[in-house]
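Per this note's numbering, the sequence shown starts with residue 802, numbered consecutively.
Ideal Cβ placement from N, Cα and C applies to all residues, glycine included.
Here is the structure we will look at.
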Amino acid sequence: MLSSALHSGTHELGFKVSRRFLALAEEALLHREPGRFALMYRLLWRLRAQPGLLDDAVDDDVWQATRMAKQVHRDIHKMHAFLRFKEVSSDGETLWLAWFEPDHHILEAASSHFADRFASLKWSIFTPERSVSWTGAALVFGPGASRESVPENDRMDEHWRTYYRSIFNPARLKVAAMTKEMPKKYWRNMPETREIAGLVRAASGRTQTMIAEGITAPSPMTAVEERRRVSAPVPAPGEDPATCARCPIGAMTTQAVYGEGPADARLMIVGEQPGDQEDLAGRPFVGPAGKVLDDALRHANLDRRNAYVTNAVKHFKFEVRGKRRLHKSPSAAEIDHCRWWLNRERAAVKPKLIIALGGSAARGVTGRSFAVGRERGRIIPLVDGAHLLVTVHPSYLLRLPDENARAQETEKFISDLTLARIWLSENAEDNPAHEAARGCDLTSVSG
Ligand code: URA
C-alpha cells in the first residue's frame, strides 16, 4: 500500500525513492511512536537531496528509522513465534482463538503468516486495538477486544507442555538468553511456560544424570543394527535405478544413490536428489546438506541410524561450470518418473512417518506439488496408512545469506523434526495415547 502511494506520488514529487527506503518505511511506520510519520516524511524529503543518505548509519533520522523498523520486525517475529491458539466449539464448528498484545501496530503485517499456515482452519486473533479473523478465504479486520474473549486453557495446553518438556535440553540451559529470546510478558499466553520453573530447578540434576548415563552421546551401532541396514530393497528385473533409462539424468552420473537404513525403519526421510558428494560416495546425505541434517536430527533427539534415508530422485542432476558440477533441481516430470522406485522403498520398509525435505521430496511422496511454507510442520495422513511431515530441505538453510534468518530457520527446522519424534513416540505400537498426537498441527506455530 505504501509503495503504491509513493509510486503514484512519484509523478508530482518528481523523484524516485529506492526499494530500500520503502522496505524501511513499511516497517518503521508500524511503530507505536507518535513521531513516526514526521520522521519518515523528513527522511523522504532529505533523500531527495541526498540519495545515499540511508548509507549514513550514524545520521540521526536514519538511525531512528532503522531502530524503529528493527523493533517492529522483532515484534512481528515474536507474534509469529509466541501466539497460541485455543480451540473453541461454536454451533458445532471448531474455531481457533488467540490473544496477543503486540508492542506496535503490526496486526495486519503479521496476519498473512497465519493465513498461509492455517489456511484450512477458522481462526481469530484478538489484540487490545484490533482483531482479525480468517474466514477460510479472506482476512477480515475488526475492532479490538479484551483478554476474556479467549479461554485461558484448552486441550492443546497439555500438548504444548509435553512438546516443551521434550525439547528442553537441561545441558544447554541459559536462563538469561532464554528470557531475552522469550520475554516474560509473553509467558501468560503460552501454556508450555508453566513447565519452565520446574525444568530449570531440575536441570542441573538431569544434566548430571545425562553425563553419568552418556545419553547425549549416540550409542555405537550394534552388530544387529548393522545387519538390519539395507542398501535398498531388491528391484525387479529391468528396473534397477543404476541402469534406469526412464529419464536422461541417469546417463550423466557416476552411479545411482540408493536409500539406506533399517529395512523396518518406522521413520523414512526423503530428500530431493543426491548431490555431488553423494554421487561420488554412492550414499545419501553425506555432503554439506547431510551435515546440516545430521546436526538438526541430533538437536531433535532423533537418531539417523534408526531412519531409512533416501531421495525422491536417485541420480544427481547437474550442469558443468568449469571444473564444478552444479546442482540443478529435477523437474516435476523427472520426480514423477522416479516415483516407481520411492514407492517400492515405501512398500518394502513400510515407514509409519515420512519426513519430506522440501517440495521435490513431498512431490515424490505424494505425486502432487506442495507449497512447503504453507503445509510444513503438520502431520498429514497418507492413503497407505503412513503419515507425512513436510519441512524445508537442509540446503535451503545453507543458502540463506543472513545469519539471523539462518538461525531462525534452523530452529524451525529442528522444531519440525522434534514434532516427528514426538509423533513417533506417541504413535508407538505400545502407546495407547495415540489420540494425543491428533493435536500436532499447531505445534509448529513456534517460529
Ligand atoms: N540433497 C538431497 O536432497 N539428498 C542428498 O542425498 C544430498 C543432498
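Query                                                                                                                                                       : Result
Looking only at C-alpha atoms, which of R1175, G1076, I1181 sits nearest to T1167?                                                                          : I1181
Is there a Cβ from chain C that is less than 9 Å from the Cβ of L1000?                                                                                      : As a matter of chain content, chain C is missing from the structure shown, which is built from one protein chain.
Quick one: is the Cβ of G853 within less than 8 Å of any heavy atom of the ligand URA?                                                                      : no
Under 9 Å, do V889 and P984 count as touching if we go by C-beta distance?                                                                                  : no
Roughly how many angstroms lie between the CA atoms of A1097 and L844, to the nearest whole one?                                                            : 43 Å
Buried or exposed for A829, going by 16 or more other Cβ atoms inside 10 Å?                                                                                 : buried
Just mark D857 as buried or exposed, buried being the case when its beta carbon has 16 or more other beta carbons within 10 Å.                              : exposed
Where does V951 fall in DSSP's three states?                                                                                                                : coil
Suppose the cutoff is 7 Å on Cβ atoms and the five residues either side in sequence are ignored; what does the same chain contact list for S1032 look like? : Residue placement at S1032 is flagged as unreliable, the pLDDT there being 43, under the threshold of 50; the coordinate-derived value follows with that caveat. Same-chain partners within the cutoff: Y1059, E1061.
If the criterion is Cβ atoms closer than 9 Å, does the pair L855 and S913 meet it?                                                                          : no
Quick check: what's the CA-CA separation for V933 versus E902?                                                                                              : 13 Å
What is the C-beta distance between A1101 and T1219, in whole angstroms, given that I count them as a contact (C-beta under 8 Å)?                           : 4 Å
So, at 8 Å on beta carbons, what are the nonlocal neighbours of N990 in its own chain, with the 5 sequence-adjacent residues on each side left out?         : F883, L884, R885, A899, W900, F901
Across which residues does DSSP place A899 in a beta bridge pair?                                                                                           : I926
Give me the DSSP bridge partner(s) of S890.                                                                                                                 : T895
Tell me which residues share the same chain as R821 and place their Cβ nearer than 7 Å to its Cβ, disregarding the 5 neighbours each side in the sequence.  : L855
What are the boundary residues of the beta strand (DSSP E) that Y1109 is part of?                                                                           : 1108-1112
Can you name, in chain order, every residue of its own chain whose Cβ lies under 7 Å from the Cβ of G853, other than the five neighbours on each side?      : none
Can you list, in chain order, every residue whose CB sits closer than 5 Å to a heavy atom of the ligand URA?                                                : G1072, E1073, P1075, G1076, E1079, P1085, F1086, A1090, N1112
Residue ranges of each alpha helix (DSSP H) run of no fewer than 4 residues wholly in the region 980-1014, ordered along the chain?                         : 997-1014
Mind checking whether R1200 and L1190 have CB atoms under 9 Å apart?                                                                                        : no
Using a Cβ-Cβ cutoff of less than 6 Å, which residues in the same chain neighbour I1156 once the five nearest sequence positions on both sides are dropped? : I1070, L1190, A1221
Can you pull the DSSP bridge partners for A1157?                                                                                                            : V1071, V1191
Quick check on H1128: does DSSP put it in helix, strand or coil?                                                                                            : strand
Can the beta-carbon of G1088 be found less than 9 Å from the beta-carbon of L1158?                                                                          : no
Less than 6 Å between C-beta atoms, sequence neighbours within five positions excluded: which residues of the same chain meet that for G1160?               : F1171, V1173
DSSP state of G943, grouped into three classes?                                                                                                             : strand
Can at least three beta-carbon pairs, one atom from the region 943-959 and one from the region 969-980, be found at a separation below 8 Å?                 : no
To the nearest angstrom, how far is it from the Cα of G1006 to the Cα of G999?                                                                              : 12 Å
Between E1212 and A826, what straight-line distance do the alpha-carbon atoms span, to the nearest angstrom?                                                : 28 Å
Quick check: what's the CA-CA separation for T1055 versus V1114?                                                                                            : 14 Å
Let's test the definition: count the other Cβ atoms within 10 Å of the Cβ of Y842 and tell me whether it reaches 16, buried, or not, exposed.               : exposed
DSSP puts R956 in a beta bridge; with which residues?                                                                                                       : According to DSSP, which records beta bridges pairwise, R956 is partnered with nothing at all.
I need the straight-line Cα distance from R1126 to D1077, nearest angstrom please.                                                                          : 7 Å
Mind checking whether P1195 and F1214 have CB atoms under 9 Å apart?                                                                                        : yes
When we look at the beta-carbon of S891 and count the other beta-carbons within 10 Å, is it buried (16 or more) or exposed?                                 : exposed
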